[in-house]
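S.K.:
Number of protein chains: 10
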Amino acid sequence: MKDQTHLTTAPTREDVTAQILAARKAAGMTWEALAEAIGMLPVFTHSAAMGMNAFPPEKAKALAQVLDLGPDAAEILSEPPTKIWSQVVPTDPCICRLYEIVGVYGPTIKALIEEKFGTGIMSAIDFEMHLTREPNPKGDRVRLEMSGKYLGYNAW
Amino acid sequence: MKDQTHLTTAPTREDVTAQILAARKAAGMTWEALAEAIGMLPVFTHSAAMGMNAFPPEKAKALAQVLDLGPDAAEILSEPPTKIWSQVVPTDPCICRLYEIVGVYGPTIKALIEEKFGTGIMSAIDFEMHLTREPNPKGDRVRLEMSGKYLGYNAW
Amino acid sequence: MKDQTHLTTAPTREDVTAQILAARKAAGMTWEALAEAIGMLPVFTHSAAMGMNAFPPEKAKALAQVLDLGPDAAEILSEPPTKIWSQVVPTDPCICRLYEIVGVYGPTIKALIEEKFGTGIMSAIDFEMHLTREPNPKGDRVRLEMSGKYLGYNAW
Amino acid sequence: MKDQTHLTTAPTREDVTAQILAARKAAGMTWEALAEAIGMLPVFTHSAAMGMNAFPPEKAKALAQVLDLGPDAAEILSEPPTKIWSQVVPTDPCICRLYEIVGVYGPTIKALIEEKFGTGIMSAIDFEMHLTREPNPKGDRVRLEMSGKYLGYNAW
Amino acid sequence: MKDQTHLTTAPTREDVTAQILAARKAAGMTWEALAEAIGMLPVFTHSAAMGMNAFPPEKAKALAQVLDLGPDAAEILSEPPTKIWSQVVPTDPCICRLYEIVGVYGPTIKALIEEKFGTGIMSAIDFEMHLTREPNPKGDRVRLEMSGKYLGYNAW
Amino acid sequence: MKDQTHLTTAPTREDVTAQILAARKAAGMTWEALAEAIGMLPVFTHSAAMGMNAFPPEKAKALAQVLDLGPDAAEILSEPPTKIWSQVVPTDPCICRLYEIVGVYGPTIKALIEEKFGTGIMSAIDFEMHLTREPNPKGDRVRLEMSGKYLGYNAW
Amino acid sequence: MKDQTHLTTAPTREDVTAQILAARKAAGMTWEALAEAIGMLPVFTHSAAMGMNAFPPEKAKALAQVLDLGPDAAEILSEPPTKIWSQVVPTDPCICRLYEIVGVYGPTIKALIEEKFGTGIMSAIDFEMHLTREPNPKGDRVRLEMSGKYLGYNAW
Amino acid sequence: MKDQTHLTTAPTREDVTAQILAARKAAGMTWEALAEAIGMLPVFTHSAAMGMNAFPPEKAKALAQVLDLGPDAAEILSEPPTKIWSQVVPTDPCICRLYEIVGVYGPTIKALIEEKFGTGIMSAIDFEMHLTREPNPKGDRVRLEMSGKYLGYNAW
Amino acid sequence: MKDQTHLTTAPTREDVTAQILAARKAAGMTWEALAEAIGMLPVFTHSAAMGMNAFPPEKAKALAQVLDLGPDAAEILSEPPTKIWSQVVPTDPCICRLYEIVGVYGPTIKALIEEKFGTGIMSAIDFEMHLTREPNPKGDRVRLEMSGKYLGYNAW
Amino acid sequence: MKDQTHLTTAPTREDVTAQILAARKAAGMTWEALAEAIGMLPVFTHSAAMGMNAFPPEKAKALAQVLDLGPDAAEILSEPPTKIWSQVVPTDPCICRLYEIVGVYGPTIKALIEEKFGTGIMSAIDFEMHLTREPNPKGDRVRLEMSGKYLGYNAW
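Protein sequence lines, in the order shown, are assigned to chains A, B, C, D, E, F, G, H, I and J. Residues 578 to 733 in this note's numbering are what the first sequence lists, from first letter to last. Residues 578 to 733 in this note's numbering are what the second sequence lists, from first letter to last. Residues 578 to 733 in this note's numbering are what the third sequence lists, from first letter to last. Residues 578 to 733 in this note's numbering are what the fourth sequence lists, from first letter to last. Residues 578 to 733 in this note's numbering are what the fifth sequence lists, from first letter to last. Residues 578 to 733 in this note's numbering are what the sixth sequence lists, from first letter to last. Residues 578 to 733 in this note's numbering are what the seventh sequence lists, from first letter to last. Residues 578 to 733 in this note's numbering are what the eighth sequence lists, from first letter to last. Residues 578 to 733 in this note's numbering are what the ninth sequence lists, from first letter to last. Residues 578 to 733 in this note's numbering are what the tenth sequence lists, from first letter to last.
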């Protein structure tokens, strides 16, 4: 093997995620500010930083510039990641409640999609999500808005 | 055992769900129409009909009247159900996509709640959800809006 | 409950599947012949008969007519089913080999889709599959052809 | 132990996979180009590079030469690997859809194989697969073609 | 639905298995005797009677005749069954020991097949097994002989 | 802690397995040749080298000598190992087929042992196994012969 | 099917277990008394009555006589049962503690068997167990005595 | 952080277990001899050395002295460990047989405890176990004696 | 079988639970009132009615009298039940939160028990629990008080 | 990447937990004393130190000061942790008993909350817990007091 030095210097996706977390903290930027700085929305920005989505190349470069990441970071951030989670049922209470919502309301969402659209599903690929703080006198609320393209089953 | 006849005549929650499904079909009502008829919203109406929520007593009575259900139905529909689902990972594609969204975006939702609110979660109890059809020239979209009260961890 | 007779006479989807299996056997028709008779392809016809897809209404009526099924069958066959399978890892050797192919070649299919299309997936909804017998002097082969729409992740 | 130096210098299969990934990136070659360079097809080339198949010895040597891998690489690439995957249900959406296809269509594929061939299965060993991009005005499609030898159960 | 009487009279595969078990007991025949009576070997005969293999049609008829089974039995016994077992790890000690043998010796069997044949497997489809009693002064032994066709992976 | 140097120099069982694999490869010996060199059979030799059986002390010494292993190896190879496998259902196709054979034929093997011996099992402890290549004009076959002592349940 | 009446009248093993439980209760006999009445020990008697062991034929007859069971019971009680338990980790506290003892002391039992005997195990087939009440001023104790034949691994 | 040197020098419980295993081997002591040297019994001594029980402080010191362990070892050995095992169903045959005994005889042990004591369990906390070699002309036996305090459920 | 009529008339524990649920509803009694009527506390009363505890005989009789249950009910209610739950992780939000508390605070409870008592556990057998409504201006609170005997591990 | 030195010097949450454990031991402080020193209660203090809760910033600083932790510790201790536990069913007896209490009494707690409050749950977020030693002549008891805000389901 004549030249393997490229092997040892290439950071992994996990390395880049760690760099982003550390640099963001050092810079004192919120995810919202970071997202705004690169012209994207916070849910996408955070998920792509975590390795759950791929940044479009120009956004990856913008992020690398804003946080002063190393030269390979932008390329890595725009590669399609393999999305892996290891807990079949999440244990953290904040995520566990979302799992519970799927368990309780999953069949209802399915029934209403079928009533309003026909035989099909909401895409999780052509999909976006926004999270906002909803002021409320009885206690502010988390507002989650999801929008996914309706995909109808084909018949052949 | 002097009198057990009350045992055999009492319908179970599953029986009432089956009655609702059959009566709604016979009446040709959509879930949206049924929800409107009792003055509730469709997501809640369907989920409570499926045994995943309890109807407020007056709404239970209204539903029983609209669908001409038997005399015990209203009482049963207003009792707190035990929420059970048997598939840890749902297999139906429409529900499976929701599970996937939790896997992919769960840590992101957690991070943004913490950024916008502090250490806490979105309640799945003081919670509501709306599903609408969002017209779009590239293909209509499913719009899911969730709103849950922010609950901050206490420290003691 | 004034009138519940509609409850007891309505066949379930499982009943209709059983009717189809029995009637097809009695009629001595292959799945291929049955599919041709209703103008669909065999993979779709069998999967919809098993409750894994919904027939378009006119195809459901055609099937009910060809097999002389009862009056409710066509309606039931065109309703969106809930797709459930109970074995996380299938035990039957014929199905198990397909699971194995996903385990062995899944990451490869992902890599090649990304190489040829970009960051996205093959749809399992806008999807079709054909199975044919491929003559071969060393022993005939099963040919499985799948075609699914490429769905690119959106970024927002 | 007189001489253990051979132990520490031998790369593992995982090392060779990492070398291939890095060298291919450095060389800017697609999997398709790499496959063509060694006279094999892309699905096999990628899967064998990932440790899910063994290269025929001459192909292993060709690959090592094209990518300028170290001297042990060719030998390692032609050894039978142990095929391991750790997620019983894959979480990545692209692979998960394939799992879903097996769940939905597995019994159908089994039924049609039996109809066209008899009591048996499609081999996952004497098997090959091709992935192509299928142009389509409504959006290009992923085309997956699999061909596996029919294996009939013997009776004795 | 004009005529559904064929539905209720058709026995299932489980019914036929139960008939065989009862009839064999009533006839006082061993599995070995039963197998000999139809000209097959005991392992295959028992497994096919249990719904884990399909009898060749003429053997199914012979079995139905020997045990005086009903008219549908032969047809059902020659249909390809879906092979299902519900315990991922078997609990019965006799079967559990076989599972243990796979766990302990599986990698060894794989290594020796590769040494003697190349990159491939022992078929579980073109396969047969014999069980005999091996006299031994220290205690008789169970002798299990399996023979499966070697299937070499193809490369493409 | 006065003297801990013995801790760091002691190889683990995994180390010894790695030494054997490397030394055997360097020596160009098949498992069959290695087994013959120490006067044992290949299945046992391989399984004990992998840490799934303990070598008798003199055989451990013979192996260490043939492969020129370090001084501690023989002692380690004759200690009872803890037999661990981490995949409840094996994924490698070669081993998976054996698991499948247990699933399909397990109840049959149990029934035939009971018919030929009485209430009991085949021992997996007083057990041996041989693997041979069986020439066959239609394609050579893998022949697996297992022999385990019959153990009858006692009643008390 | 000429004569299937034997099918419907044959009780299953579960039926016989239910008969024993009811008859023992009606007779007011303890398991200890029942065991003594048939000349066996209580652990074996109870486990065989539950379908976890086979009674020797003469003991089965004795039990059927003592409890006045039906004519088929003795035969069924002497057939080898398939030992099945459905909870991988038992939930009942009394049984769960036994599972815990295996988890905590399993490696210790293994180590001490190897120290006192060599490479082998305690048989669970040639095995017996006694449970007695051990008087103790600080609170009586449950005494469980198990005795299983040592089985040494063979090497070949 | 002014002084963290205490962090790096503190051995973990796993380190101490490794020290004991190595020192015992170097000293050529059996577990029985080691137990006798510190005035405890072998089952407890081994289990506490493995991190499954806490040694009383004076016994921990004695063990550290006998085996010449480092200064922190005694303290660590007398701390309550967290008892963890990772295999829900143990794979090693020697431990697996114990799991099997719980599966087969668990309900029997429960029934006999209830018959002899009342509604309660055998404690796994106020518990002890002895393992001895029982000479037997047909082959020596492993004798396991367990004694656990009976704990009756309270009612309130 | 001379007399099996006792078999069919004996209600099971599940039957008795169903009787209690129906009779309590018909009587319009709360669990608190029911518990008071028999001189026990509500947590125990409900759990024993559900088959998760055994009533002391006189309490079982009292309950049967209050609710006018059949003659066998009292006997059945005082027999030790087998405590079974089928969901390893409970799905109902109310019970799921308790599971979460164990996950989050389990190691803390363990550490504090060890700090305050020594090496041991809180008994779940000699145990009681009270649930009360705690008025609070910010919203009433559920107060759960558990008390279990400390059980110290013995050393031997 | 111009400056990554902040990456390597930042301790993780696990590092801080390890620092606390070591420093507390070195200081000879109980958890109770440590909690008192920072003006919190022991259950919260321990759980937050373990990474299962976030300290309020001023408490994090107080803890860092008391134990002389490094400069980053306080910041890390006040960040919201991701609560993860890896054992679905805990194996340590002390924690396992808590899991058992949830299994046995979960449905009872649910029923009594519903009786006393309505349709809702006990919050695990607005929640606190105290553990005390309860003197008792028959043996001291562990007293666990939990208090969680009642959260009523909303209907919409």
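For glycine and all other residues, C-beta sits at the position ideal for the given N, C-alpha and C. Everything numeric in this text was worked out from a predicted model, so none of it was measured.
Are the C-beta of Pro684/G and some C-beta of chain J separated by less than 7 Å?
M.R.: Position 107 of the seventh sequence holds residue 684/G. Not an interface residue.
S.K.: Decide yes or no for the touch test of the region 715-733 of chain C against the region 715-728 of chain D: beta carbon pairs closer than 8 Å, at least 3 of them.
M.R.: yes
S.K.: Where do the ends of the alpha helix (DSSP H) carrying Val593/I lie?
M.R.: For the purposes of this step, residue 593/I is taken as the residue at position 16 of the ninth sequence. Counting along the chain, the alpha helix (DSSP H) containing Val593/I begins and ends at Arg590 to Ala604.
S.K.: Once you ignore the five residues that flank Glu656/A on each side, which residues in its own chain have a CB closer than 7 Å to its CB?
M.R.: Numbered from its first residue, the first sequence carries residue 656/A at position 79. Taken in chain order, the residues that qualify are Ala631.
S.K.: Identify the continuous alpha helix (DSSP H) that holds Ala639/C and give its terminal residues.
M.R.: Within the third sequence, the letter at position 62 stands for residue 639/C. Where Ala639/C is concerned, the enclosing alpha helix (DSSP H) stretches over Pro634 to Leu644.
S.K.: Assuming Arg710/J contacts Lys693/I (C-beta within less than 8 Å), just tell me the rounded distance between them.
M.R.: Residue mapping note: residue 710/J aligns to position 133 of the tenth sequence, counting from 1. Residue mapping note: residue 693/I aligns to position 116 of the ninth sequence, counting from 1. Contact flag correct, Cβ pair sits at about 5 Å.
S.K.: Please report whether the beta-carbon of Ile698/B lies at a distance below 7 Å from any beta-carbon of chain J.
M.R.: By one-based count along the second sequence, residue 698/B stands at place 121. Judged by the 7 Å Cβ criterion, Ile698/B is in contact with chain J.
S.K.: Would you report the Cα separation of His623/C and Pro633/C, rounded to the nearest angstrom?
M.R.: Indexing the third sequence from 1 puts residue 623/C at position 46. Indexing the third sequence from 1 puts residue 633/C at position 56. Straight-line Cα distance between these residues: approximately 14 Å.
S.K.: Just how far apart, CA to CA, sit Ala603/A and Ala626/A?
M.R.: Taking the first residue of the first sequence as 1, we reach residue 603/A at position 26. Taking the first residue of the first sequence as 1, we reach residue 626/A at position 49. The straight-line gap from Cα to Cα measures roughly 16 Å.
S.K.: Comparing alpha-carbon positions, which option in Asp703/I, Trp608/I, Val593/I and Pro588/I lies nearest Ala595/G?
M.R.: Translated into the one-based positions of the seventh sequence, residue 595/G becomes position 18. Of Asp703/I, Trp608/I, Val593/I and Pro588/I, the residue nearest in Cα terms is Pro588/I.
S.K.: Is the region 683-693 of chain E in contact with the region 606-614 of chain F, if contact means three or more CB pairs nearer than 8 Å?
M.R.: yes
S.K.: Taking the beta carbon of Lys660/A as the centre, do at least 16 other beta carbons fall within 10 Å, making it buried, or is it exposed?
M.R.: Along the first sequence, read from residue 1 onward, the residue named residue 660/A stands at position 83. When all chains shown are included, Lys660/A counts as buried.
S.K.: Between Asp592/I, Pro619/I and Glu591/I, which has its C-alpha nearest His707/I's C-alpha?
M.R.: For the purposes of this step, residue 707/I is taken as the residue at position 130 of the ninth sequence. Answer by Cα proximity: Pro619/I.
S.K.: Got a sec? Which residues, its chain only, sit under 6 Å from Gly628/J by beta carbon, not counting five neighbours each side?
M.R.: As a first step, residue 628/J is located in the tenth sequence; it is residue number 51 there, counting from the start. Cβ neighbours of Gly628/J beyond the five flanking positions: Arg590, Thr594 and Pro658.
S.K.: So for Ile702/I, helix, strand or coil by DSSP?
M.R.: Residue numbering aside, residue 702/I sits at position 125 when the ninth sequence is read from its first letter. In the structure shown, Ile702/I sits in a strand (DSSP, three-state: E or B).
S.K.: To the nearest angstrom, report how far apart Asp645/I and Thr685/D are at their CA atoms.
M.R.: Within the ninth sequence, residue 645/I is the residue found at index 68, counting from 1. Within the fourth sequence, residue 685/D is the residue found at index 108, counting from 1. The straight-line gap from Cα to Cα measures roughly 55 Å.
S.K.: If I follow the unbroken alpha helix (DSSP H) through Gly680/G, where does it start and stop?
M.R.: Translated into positions along the seventh sequence, residue 680/G becomes position 103. Taken as a continuous stretch (DSSP letters only), the alpha helix (DSSP H) holding Gly680/G covers Pro670 to Lys693.
S.K.: Name the DSSP beta bridge partners of Lys726/F, please?
M.R.: The sequence position of residue 726/F within the sixth sequence is 149, counting from 1. Lys726/F pairs with Arg718/E.
S.K.: How big is the Cα-Cα spacing for Tyr676/F and Gln664/G?
M.R.: The residue you call residue 676/F lines up with position 99 of the sixth sequence. The residue you call residue 664/G lines up with position 87 of the seventh sequence. So the two alpha carbons sit approximately 21 Å from each other.
S.K.: Does DSSP classify Glu656/E as helix, strand or coil?
M.R.: On the fifth sequence, residue 656/E is found 79 positions in, with the first residue counted as 1. In the structure shown, Glu656/E sits in coil (DSSP, three-state: anything other than H, G, I, E or B).
S.K.: Within 10 Å of its beta-carbon, does Pro648/D have 16 or more other beta-carbons around it, so buried, or fewer, so exposed?
M.R.: Translated into the one-based positions of the fourth sequence, residue 648/D becomes position 71. So Pro648/D ends up on the exposed side.
S.K.: When you compare the CB of Leu584/H with every CB in chain J, is at least one pair closer than 7 Å?
M.R.: As a working mapping, residue 584/H is identified with position 7 in the eighth sequence. Bear in mind that a pLDDT of 46 at Leu584/H, under 50, signals an unreliable position, so the number given afterwards is only what the model happens to contain. Cβ-Cβ to chain J under 7 Å: yes for Leu584/H.
S.K.: Roughly how many whole angstroms lie between the Cα atoms of Gly695/H and Ile702/I?
M.R.: Here residue 695/H is taken as the residue at index 118 of the eighth sequence, counted from 1. Here residue 702/I is taken as the residue at index 125 of the ninth sequence, counted from 1. So the alpha carbons of these two residues sit roughly 13 Å apart.
S.K.: Along the region 703-725 of chain B, where does the CB come closer than 7 Å to a CB of chain A? Name the residues.
M.R.: Met706, Leu708, Arg710, Glu711, Gly716, Asp717, Arg718, Val719, Arg720, Leu721, Glu722, Met723, Ser724 and Gly725
S.K.: Taking the Cβ atom as the reference point for each residue, do Val679/H and Val679/G lie within a distance shorter than 7 Å?
M.R.: In the eighth sequence, residue 679/H corresponds to position 102, counting from 1. In the seventh sequence, residue 679/G corresponds to position 102, counting from 1. In contact: Val679/H and Val679/G (Cβ atoms closer than 7 Å).
S.K.: If the criterion is Cβ atoms closer than 7 Å, does the pair Arg651/H and Ala637/H meet it?
M.R.: What you label residue 651/H is simply residue 74 of the eighth sequence in a count that begins at 1. What you label residue 637/H is simply residue 60 of the eighth sequence in a count that begins at 1. Note that residue 651/H is Ala in the sequence shown, not Arg. Against a cut-off of 7 Å, the Cβ pair of Ala637/H and Ala651/H comes out as a contact.
S.K.: Closer than 7 Å, Cβ to any Cβ of chain J: which residues of the region 617-628 of chain I, in chain order?
M.R.: Close to chain J, meaning a Cβ-Cβ distance shorter than 7 Å, are the following residues of the region 617-628 of chain I: Pro619, Val620, His623, Ser624 and Met627.
S.K.: Just reading off the alpha helix (DSSP H) that Ser624/B is part of, what are its end residues?
M.R.: Position 47 of the second sequence, counted from the first residue, corresponds to residue 624/B. Element bounds for Ser624/B: Pro619 to Ala626.
S.K.: Please report how far the alpha carbon of Val643/G lies from the alpha carbon of Asn731/F, in whole angstroms.
M.R.: If you number the seventh sequence from 1, residue 643/G lands on position 66. If you number the sixth sequence from 1, residue 731/F lands on position 154. In a straight line, the C-alpha of Val643/G is about 23 Å away from that of Asn731/F.
S.K.: Over the uninterrupted alpha helix (DSSP H) stretch that includes Ile615/I, give me the two end residues.
M.R.: Mapped onto the ninth sequence, residue 615/I falls at position 38. First-last of the alpha helix (DSSP H) with Ile615/I: Trp608 to Ile615.
S.K.: Are there 16 or more other CB atoms within 10 angstroms of the CB of Gly697/G, so buried, or fewer, so exposed?
M.R.: Locating residue 697/G in the seventh sequence gives position 120, where the first residue counts as 1. When all chains shown are included, Gly697/G counts as buried.
S.K.: Look at the alpha carbon of Glu635/E and the alpha carbon of Ala612/E, and state the distance between them as a whole number of angstroms.
M.R.: The sequence position of residue 635/E within the fifth sequence is 58, counting from 1. The sequence position of residue 612/E within the fifth sequence is 35, counting from 1. Computed Cα separation, rounded: 13 Å.
S.K.: Buried or exposed, going by whether 16 or more other CB atoms sit within 10 Å of the CB of Pro670/H?
M.R.: Locating residue 670/H in the eighth sequence gives position 93, counting from the first residue. The residue is buried, with at least 16 neighbouring Cβ atoms inside 10 Å.
S.K.: Once you ignore the five residues that flank Met578/C on each side, which residues in its own chain have a CB closer than 8 Å to its CB?
M.R.: Residue 578/C sits at position 1 when you count from the first residue of the third sequence. Confidence at Met578/C is low in this model, with a pLDDT of 37, below 50, so the placement of that residue should be treated as unreliable; the coordinate-derived value is given next. Answer for Met578/C: no residue qualifies.
S.K.: Between the C-alpha atoms of Asp717/H and Met699/I, what's the straight-line distance to the nearest angstrom?
M.R.: Within the eighth sequence, numbered from 1, the residue matching residue 717/H stands at position 140. Within the ninth sequence, numbered from 1, the residue matching residue 699/I stands at position 122. Roughly 40 Å between the two C-alpha positions.
S.K.: Using C-beta distances below 7 Å, list every residue in its chain close to Arg601/D, excluding the 5 sequence neighbours before and after it, in chain order.
M.R.: Counted from its first residue, the fourth sequence places residue 601/D at position 24. Excluding sequence neighbours, Arg601/D sits near Leu611 and Leu644.
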